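Below is one structure; the comments refer to it alone.
Numbering (this note's numbering), first residue to last: 34 to 390.
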């Protein structure tokens, strides 16, 4: 029961917050809203404020906004005037209204991270699992089970700081804070070009310090001013990783068998509910950023496709022709339905047979 409630609250909440973004910016620019709904399906109850119907519907997964003139420029329902029409607003205003949905998903993720950082922040210690012979780490005296608590005096929050530091400063010595038992001390070491052999026989040569490590979370105190900065860094790091993942799928670097759909998402959210509210909120933030980035892809039928059309209109001073819009929308819809079918197929195969073959 709790698992199902978590799925409904997370998925429904993310979609509703997305639609809330469209609604808020539409009202800022004076676009008339016919319906603002929490949920889909039959109307259960609600109220009218002016000409807008605010309603709660039977299926609690998300919501929707129905704007005047959104799909038909000639549409003019009772209680609205031409100045309320979405289609008659300048292209830049339409772009911002459409972009507000993904924007609110980014905002939601940021607020979640901010709240988690401020209410119960946890920093990371890197636990040294192995030290490579002849490496800078061995020469500096690092031992298995040592804990790296800071780099250059800065606490670790995301787990990738050491790798990123080596990548950004491959020729520069770094100062590591070490916890060994009850003893704390600092060491200085510089990365060096090294080659590692992977279990599959492949090799990687790059600057490194020569350690393998795991993670351990530790309570940390974060001030009101530090929390938003760390939340922004976490949001930026997560966005970069998801973009890299999307790029890997598009370029074929990652197999399409890795694509997951609604069943997998529901399973992951339900599993996170077993580990407490904090884990559920972290998963919600992750999914919120995913929803934002996917919606910003320049594919017709997605927000990114509409933004592309309105951007072209801003430059050319005339809207994209209806025939071009219709054809590209059909292509975009076909691509999305194909991707969704593939994702659901992968979900079903995972559920019944393990990983897709």
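No residue lacks a Cβ here, since even glycine has one placed at the ideal position from N, Cα and C. Owing to the predicted nature of the structure, the values given are computational and were not obtained by experimental measurement.
Beta-carbon spacing of residue i, residue j below 8 Å
i	j	result
residue 138	residue 324	yes
residue 54	residue 148	no
residue 346	residue 355	no
residue 222	residue 169	yes
residue 334	residue 366	yes
residue 91	residue 79	no
residue 207	residue 227	no
residue 157	residue 249	yes
residue 43	residue 313	yes
residue 320	residue 47	yes
residue 198	residue 220	no
residue 211	residue 217	yes
Status (buried if at least 16 other CB within 10 Å, exposed otherwise) for residue i
i	result
residue 194	buried
residue 244	buried
residue 159	buried
residue 332	buried
residue 348	exposed
residue 276	exposed
residue 128	buried
residue 316	buried
residue 310	exposed
residue 103	buried
residue 136	buried
Selection from the options that minimises the alpha carbon distance to residue i
i	options	result
residue 50	305, 299, 318, 62	318
residue 263	92, 42, 142, 54	142
residue 123	313, 59, 110	59
residue 89	105, 205, 70, 103	70
residue 68	110, 360, 62	110
residue 98	105, 108, 85	85
residue 93	105, 108, 75	75
residue 350	181, 107, 125, 47	125
residue 83	113, 259, 121, 261	113
residue 272	327, 230, 62	327
residue 144	104, 260, 167, 174	260
residue 37	61, 298, 322, 146	298
residue 174	213, 81, 202	213
residue 196	166, 377, 247	247
residue 279	322, 374, 239	322
residue 201	239, 229, 358, 215	239
residue 215	105, 284, 230, 182	182
residue 375	146, 236, 164, 282	282
Residues of its chain near residue i, where Cβ-Cβ distance is below 6 Å and the 5 sequence neighbours each way are ignored
i	result
residue 341	331
residue 64	100, 119
residue 178	none
residue 225	169
residue 117	65, 101
residue 337	329, 330, 331
Nonlocal neighbours in the same chain, by C-beta distance under 8 Å from residue i, ignoring five residues either side
i	result
residue 255	150, 151, 154, 263
residue 131	55, 336, 339, 340, 343
residue 39	302, 303, 305, 306, 313
residue 167	243
Beta-carbon contacts of residue i that lie in its chain and below 7 Å, excluding the five residues immediately before and after
i	result
residue 96	48, 49, 52, 70, 71, 72
residue 252	155
For this session: Assess, as a yes-or-no matter, whether the stretch 264-283 is touched by the stretch 178-196 under the definition of 3 or more beta carbon pairs within less than 8 Å.
Result: yes
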